[in-house]
Every structure is written in C-alpha cells, then in structure tokens.
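Here the sequence shown is numbered in the working numbering, starting from 40 and rising by one per residue.
Positions of the beta carbon are idealized from the N, C-alpha and C atoms, including for glycine.
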Amino acid sequence: ETFPNTKLFIDKQFHGDTIYQMNDYSVVHLATHAVFNKTKQDSFILFGDGSLVTLTQVEETWDLSNVDLVVLSACQTGLGGELGDGKEILGFGYLMQNAGADAAIASLWNVDDQGTQALMNKFYQVLKQGKVTKAEALRQAQIALITKVEYGLDHPFYWAPFILIGNGL
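Laid out in structure tokens, this is it:
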C-alpha cells in the first residue's frame, strides 16, 4: 500500500459502477487497457469485468472534481487521434481534466507492463515523500529507469511514453 486510505479494485471488482467511487479519492490509478480510435464512440477504457466505457461516456458521466491526479496506466491514453489540427493530445488524459481532475498522467504510445510497473512504483515512491510536485516525481521516476541500466528499462520506449497533463504541482 503506497498511500493511506486507498481502495484497490482488481479484475471483476473493477467495473462500470466503481467509477462513481473515484471522486472520493485524491489519486485514482487505472492500470488497465485502453484503445483510442478515430471516434469517441469507438475509443474506450476496458474494465476488469470485461465491460468498457467509451470516451463519450467518460465525457458525459464522470465526475472527478475532488480528484487531484488520475494516472492512466494504459496504452495511448494521451492521444486524441490523428486530426492534424493540434487536438491530437485531447484523449483520455484530457478528458480526466475535463471531468474535474487537477491533473492526469497519460501515455503517448503502447506501453510495456514491466516498464510501466517499474516507472509507476518509483513515481509513487517519490510522490509519497511529499516534498516534490507531481511533475518532479514523474521526472525522477523517469531518471531512475534511465540510470538503472541493469533493469534493462533505460530505453525511451519504457520511460518516455508518460506525460503529465494539467496542474503538475
């Protein structure tokens, strides 16, 4: 347990109704699968019970007004499509902010499970110290993967996909 007052939803415990409990926590971490397609209706986050929530449903129903940070530990959650109009970044991460979260961490490409777990473990370890911002905690976690060559996770594929969107303080 990294933080006190946490709730873990695993597999079938993570379903559509659990999203209504997310606003009770300052940090929400979603380690799941996500797919971003050309339309909002075809883009989704997969729940542990096999059901899914579309980008449209997130936009219309999620309330994260009490949430400080949403971590989307899944593939391509920071992408909004190949529009060519500067809105390519308006994916799930952006929608977390639109739903009220102060900030979101999202990914720009398909991610590796082992690399993502190592990065997130370090991120939360640094963040828990309480002396750094979210942005600095992410930076330190990325540097940790770069410098720990023995882990084999020093290639940018492992540490660079995640970006912080919103208030990094």
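Close-in-space but distant-in-sequence residues of the same chain around residue i (CB under 6 Å, 5 per side omitted)
i, result
"H72", "L85 and A113"
"M61", "V67"
"T155", "S112"
"T57", "F48"
"F53", "F86 and G87"
Whole-Å CB distance - residue i paired with residue j, under 8 Å assumed
i, j, result
"S146", "L111", "7 Å"
"V74", "A138", "No, V74 and A138 are not in contact; Cβ-Cβ is about 19 Å, not under 8 Å."
"S104", "G55", "Not really, about 19 Å apart at Cβ, beyond 8 Å."
Residue nearest to residue i in terms of C-alpha spacing, selected from the options
i, options, result
"H68", "A140, W148 and E175", "A140"
"D63", "T186, G89 and D102", "D102"
"Y197", "N76, Q153 and E98", "Q153"
"T209", "I144, L134 and A157", "The displayed coordinates of the chain run from 40 to 208. Any statement about residue 209 would go beyond what the structure contains."
"D107", "Q136, G169, F131 and V97", "Q136"
"F201", "Y59, T78, V171 and D151", "D151"
"N76", "P43, A70 and G130", "G130"
"M159", "V109, I49 and P43", "V109"
"L134", "N44, G205, V188 and F48", "G205"
"V171", "L208, F83, I144 and T78", "L208"
"I144", "I58, A70, F53 and Y59", "A70"
Pair within 7 Å by beta-carbon distance, residue i and residue j
i, j, result
"L203", "L192", "no"
"Q179", "V165", "yes"
"K173", "A142", "yes"
"T95", "Q80", "yes"
"K46", "G87", "no"
7 Å Cβ shell around residue i - same chain, five flanking residues per side excluded
i, result
"P195", "none"
"F162", "A176, L177 and A180"
"I49", "G87"
"T93", "K79, Q80, S82 and F83"
Cβ neighbours of residue i in the same chain (closer than 8 Å, five flanking residues each side left out)
i, result
"P43", "none"
"M190", "First, the amino acid is wrong: residue 190 is Tyr here, not Met. Within the same chain, Y190 has close Cβ partners A157 and L184."
Every unbroken beta strand (DSSP E) inside the segment 135–164 [3 residues or more]: Runs of the beta strand (DSSP E) inside the segment 135–164: 142–146.
Within the segment 70–111, note down every full beta strand (DSSP E) run reaching 3 residues or more, in order along the chain. Counting only runs of 3 or more, we get 72–74, 83–85 and 91–93.
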